[in-house]
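Counting from 1, position 87 in the sequence shown corresponds to residue 83 in our numbering; the numbering is continuous, with no gaps.
I have placed the structure first, in the form of structure tokens, so that the comments after it can refer back to it.
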Amino acid sequence: MELPKPIRPIDENFTRALMIKDIALVTLFIHLRNHILQLAPESHELIYNTHALTSVFSHTKKLSHAFCHIPIYSNHLNLGFNKGTLLSDPDNLLQGTGKLIRHIPMKEIHDFENDYVTKLIQESMALVLPD
């Protein structure tokens, strides 16, 4: 299986950590990352390698201005929303029990390449505009 081409280069250290993951998971990550970057081409990508390998998308280089993130675990990944409890979600796709963060499990490309998730990303971007 050949990996999709990233819209923007992926950090080299992040790529090394990513390459130990299952190829299907990496493929899904790149497609989801491309989708977010198409909606927010000027966004900054902050990367973390803690309990999950995580790519965070922010209007600035500050985590407080982040609007969504992709945590990659051992065998699955999510699309997370930093202020997910404030998003309109009539179909109740958002999961989680925290005070703010919510996520949607991602298994296939159609899980995010749809109008509903695109609107959630756009709404999330509007919620965290920097001052």
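Quick reminder that beta carbons are idealized off the backbone N, C-alpha and C, glycines included.
Contact between the region 73 to 89 and the region 110 to 125 is present, with at least three C-beta pairs closer than 8 Å. Inter-residue distance for F108 and I66 is about 12 Å (C-alpha atoms, whole angstroms). Here the alpha carbons of P37 and H55 stand approximately 10 Å from one another.
Remark: C-beta atoms of I68 and F25 approach each other more closely than 7 Å. Spanning the alpha carbons of L125 and K103 requires a straight line of approximately 29 Å. At the C-beta level, H27 and I100 stay beyond 7 Å of one another. Bridge partners of M102 according to DSSP: L73. The DSSP-derived three-state label of E8 is helix. For T23, the uninterrupted alpha helix (DSSP H) run begins and ends at 19 to 35, by DSSP. Taking the Cα of K79 as reference, the smallest distance to any Cα among I6, K1, A62, N110 is reached at A62. With 16 or more other Cβ atoms from the protein chains shown falling within 10 Å of its own Cβ, R29 counts as buried.
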